[in-house]
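Asks: The numbering used here puts the first residue of the sequence shown at -8, with every later residue one more than the last. Sending over a structure as C-alpha cells; questions will come in a sec.
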Amino acid sequence: MSKVTNGASAEDIGLLSALGEMFDEVDPVPPEVVSAGYAAFTWRTIDAELAELAEDSRLAGAGSVRGADTRLLTFEAPSVNVVVEVTEIGDRRKLVGQLIPACSDTLRIEHPAGATTVAVDEQGLFSADALPAGPARVALTTPGGGAVITSWVTV
-8 MSKVTNGASA EDIGLLSALG EMFDEVDPVP PEVVSAGYAA FTWRTIDAEL
42 AELAEDSRLA GAGSVRGADT RLLTFEAPSV NVVVEVTEIG DRRKLVGQLI
92 PACSDTLRIE HPAGATTVAV DEQGLFSADA LPAGPARVAL TTPGGGAVIT
142 SWVTV
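In C-alpha cells form, the structure reads like this:
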C-alpha cells in the first residue's frame, strides 16, 4: 500500500473517486445549489460593508397580513439601513423596500438564478417583482465607491 501526503492510501483515494463519480451520476448537485455556493463567495470582499439582519417579522412572531404572506426584514450597516417587505406569490417573491438614507440609484438583488438590478428613487424606494423563492441578498454601491451587501436570507 502506497501512502499519499494526506494519509490516505492509493486504494482509498481510488474508492472515494469512484464513489464521487457514482453520486455525480445518480444524484448530482442541482445547478442552482452550485450557483448559490459560488455566489456566496463571489461578491464577498473585504472592503464591502456587511448589513446584518437586525429584524425579521417572521422571527418576531408578527402575524401576516390577511390574504397575503408578507414578511418585513431590516438590515443594518453603519452607512445605510435596508428595509425590505417580502410578499409570497406562489413560488415567486415580490420585494418592496427602502434604503435609509437614500444613497444609491440602483441596487442588485442577488439570488441563485443570478442577479436582478432594480432602480432606487430619490426617497430610497425600490421594488422587484417575480423573484425566485430561495436565498437572496441586496448589494449596492454607496457614494464614494463603497459597497454594502446584506446577509443572505431565504425569501
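C-beta atoms are modelled at their ideal positions from N, C-alpha and C, and glycine is treated no differently.
1. Could you check what DSSP says for D18 in three-state terms: helix, strand or coil?
2. Could you please give the first and the last residue of the uninterrupted beta strand (DSSP E) stretch that includes E46?
3. Just grab the DSSP bridge partners of Q89 for me.
4. Tell me which residue opens and which closes the beta strand (DSSP E) that A130 is part of.
5. Count the other CB atoms, across all protein chains shown, that sit within 10 Å of the CB of R84; report buried if there are 16 or more and exposed otherwise.
6. Any heavy atom of the ligand ADP within a distance shorter than 7 angstroms of the CB on D82?
Replies: So, to answer that:
1. Here residue 18 corresponds to residue number 27 of the sequence shown, with the count starting at 1. Of the three classes helix, strand and coil, the one that applies to D18 here is coil, per DSSP.
2. Position 55 of the sequence shown, counted from the start, is the residue given in the question as residue 46. Its beta strand (DSSP E) spans residues A39 to D47.
3. The residue you call residue 89 lines up with position 98 of the sequence shown. Looking at the DSSP assignment, Q89 forms a beta bridge with V74 and L116.
4. Counting from one through the sequence shown, the residue named residue 130 turns up at place 139. Start and end: P126 to T132.
5. Taking the first residue of the sequence shown as 1, we reach residue 84 at position 93. Only buried fits R84, as 16 or more other CB atoms lie within 10 angstroms of its CB.
6. With respect to small molecules bound, the structure shown includes none, and the ligand ADP cannot be examined in it.
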